[in-house]
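Numbering (the numbering used here), first residue to last: 50 to 316.
Encoded structure:
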């Protein structure tokens, strides 16, 4: 949910410093203010060609860490240029569950890497920079409390493991390459479960790290399409998968309505 200040007919360049404060989105780049124009190439937007305070809307981030990181750089700059304040950003999507029933919704309390560590390692120039993947715990609890009013499906809070790959990186045996045994793959997933991991996807660590650095309250809410302790392939019927994918949307819509003080008739 983002509150946007009224747009002005005058250039945003002259008054940009007047809206940099605690509640507004801030960027960690001192060079932006000196740019004559900031072109958000992958979003087909620019600070000169578009009135960003009037145009802010939803954006799909693609698949995997590289895609979502590109989108986040430009989305966060868009929020900054659009003068948004008190922003809450929530990633919703699908995932593979570990030790939980398919169709369960997982609210992430901690995004971890493939070693079950709450960190994101970013290669910058020829250095590896490690960033925290801490998410907003109060937001996660608020979302979980909202889920208690929805009886259609189970919701839980747990760790989410973020990998760079859908196949070998997640211990799958059904990719074009497989360099480990079935036993080792299952052992890895069991160790992940024992470390508190309840689902696997490919975006949460960079999402958490970037949102935290830029002062955004963030959450990750994903539905599980299968239990990885039982199988590798997603084989549920199409209509079942479609219904599963609506579950995070239902939870987030209830959350937004509660935040806005609107009556909810979706339960």
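Ideal Cβ placement from N, Cα and C applies to all residues, glycine included. Predicted model, so just to flag it, every value in this text is computed and none were measured.
{"query": "First through last residue of the alpha helix (DSSP H) which encompasses residue 288", "result": "287–309"}
{"query": "Three-state class that DSSP yields for residue 106 in the structure shown", "result": "Confidence is the limiting factor: at residue 106 the pLDDT is only 49, short of 50, which leaves the residue's position unreliable and the question unanswerable from this model."}
{"query": "Beta bridge counterpart(s) of residue 161 as assigned by DSSP", "result": "210"}
{"query": "Beta-carbon gap between residue 212 and residue 144 smaller than 8 angstroms", "result": "no"}
{"query": "Complete beta strand (DSSP E) runs within the stretch 257–282 (minimum length 3 residues, chain order)", "result": "266–276"}
{"query": "Assumed close pair residue 11, residue 278 - CB separation to whole angstroms, cut-off 8 angstroms", "result": "Residue 11 lies beyond the residue range present for the chain, which begins at 50 and ends at 316; the question has no answer from this structure."}
{"query": "Reference residue 88, options 116, 122, 135 and 74, closest by Cα", "result": "122"}
{"query": "8 angstroms Cβ shell around residue 76 - same chain, five flanking residues per side excluded", "result": "125, 126, 129 and 263"}
{"query": "Delimiting residues of the beta strand (DSSP E) encompassing residue 140", "result": "137–146"}
{"query": "Cα-Cα separation, residue 304 to residue 267", "result": "13 angstroms"}
{"query": "Continuous alpha helix (DSSP H) stretch holding residue 116: start and end", "result": "113–130"}
{"query": "Whether residue 297 touches residue 154 by CB criterion (8 angstroms)", "result": "yes"}
{"query": "Whole-angstrom C-beta distance between residue 252 and residue 117, which should lie under 8 angstroms", "result": "4 angstroms"}
{"query": "DSSP beta-bridge partners of residue 169", "result": "180"}
{"query": "Check whether residue 272 and residue 152 have beta carbons under 8 angstroms apart", "result": "yes"}
{"query": "Residue 258 and residue 180 closer than 8 angstroms at C-beta", "result": "yes"}
{"query": "Close-in-space but distant-in-sequence residues of the same chain around residue 220 (CB under 6 angstroms, 5 per side omitted)", "result": "234, 237 and 238"}
{"query": "Of the listed residues 131, 311, 301 and 293, nearest to residue 150 (C-alpha basis)", "result": "293"}
{"query": "Where residue 200 sits in the DSSP three-state scheme", "result": "coil"}
{"query": "Test item: CB-CB of residue 183 and residue 177 under 8 angstroms", "result": "no"}
{"query": "Residue burial classification, residue 250 (beta-carbon count within 10 angstroms, cutoff 16)", "result": "buried"}
{"query": "Contact set for residue 222: own chain, Cβ-Cβ below 8 angstroms, skip 5 residues either direction", "result": "231, 234 and 281"}
{"query": "Cβ neighbour criterion (16 or more within 10 Å) applied to residue 210", "result": "buried"}
{"query": "8 angstroms contact criterion, which residue 205 and residue 300 should meet: CB distance rounded", "result": "Wrong, their Cβ atoms sit about 12 angstroms apart, outside the cutoff."}
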